[in-house]
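Per numbering that gives the first Met the number 0, the sequence shown starts with residue 0, numbered consecutively. For glycine and all other residues, C-beta sits at the position ideal for the given N, C-alpha and C. Read through the structure below, which is laid out as structure tokens, and then see the notes.
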Amino acid sequence: MKVAFISGTSIVKSALFSAREVRTVETKYGPVTYKAQGDFALINRHGYGAPVPPHMINYRANLRALADLGFQDVVSLNSVGSLKPELRPGTLVSCSDYVGFLAGPSTYFDDELKGGAPGIANNLMPLLIARLAPEFTVQPGKIYVQTRGPRFETKAEIAIIRHWGDVVGMTAGQEADLACELGLRYNSIAMVDNYANGIEGTAIDYATFHELVKDNQSKVNRLFGRMLEILG
């Protein structure tokens, strides 16, 4: 099965793709570097040098590159903050829809009146969720709220958006918008790495966030390895 993955830095730093071939593809929106392994490709949305902050990611180039390479199925791995006390750090979720208007537009249709109602296909998720069990439990049907980044949200912002969805992040909504415009099938799986600011009385900063991500690193590595086996 030919599948492309989009992930953050944690997967790219893992041993799973460490020895894989690094390639670059040119798109009309700029070059995209990715790692190749058989029928799989992996794009690190934050780049391979100094990490690119969420609001500076070249989303249009990344998704265009996958379309140009002939991929139709995309699996996105995201780190998210929980908006619900019951979604504790370490929980795996799959998002079936999203709130994206807080992040600003990402579109290929700058010069024409065109567009539609986007969404998340999740066509691979029933297979993945069934085959990942019982080692991994993935809670489906969650709502992702995208904010702009790079800063975390204020407590007042979280107090509002906690009524809109289940988890908050800075990347998946824009990727899903563009995937839909290109006819790509976008699949969502996300690791809850932290509670959002003020949920369960917690505060968050980048130092704390990176420590929490490290705590879940081995679980994410095992998860990704199993997905490669299932889809291979």
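Item	Value
Measure from the alpha carbon of G46 to the alpha carbon of each residue in S105, G7, A175, then state which is nearest.	G7
Excluding the 5 residues preceding and the 5 following I229 in the sequence, name in chain order all residues of the same chain whose CB lies nearer than 8 angstroms to its CB.	L126, L127, R130, L131
Taking Cβ to Cβ, would you say T90 is nearer than 9 angstroms to V191?	yes
Run through the stretch 143-231 for me and flag every whole alpha helix (DSSP H) of 4 or more residues, listed as ranges in chain order.	154-160, 171-181, 205-214, 216-230
Among Q36, V79, T170, which residue has its Cα nearest to the Cα of N196?	V79
Report buried or exposed for E134, applying the criterion of at least 16 other Cβ atoms within 10 angstroms of its Cβ.	exposed
Between S81 and V2, which are expected to be in contact by the criterion C-beta below 8 angstroms, what is the C-beta distance as a whole number of angstroms?	With a Cβ gap of about 27 angstroms, S81 and V2 do not count as contacting.
Where I5 and L65 are concerned, what is the direct C-alpha to C-alpha distance, given to the nearest angstrom?	10 angstroms
Helix, strand or coil for R130? Go by DSSP, reduced to three states.	helix
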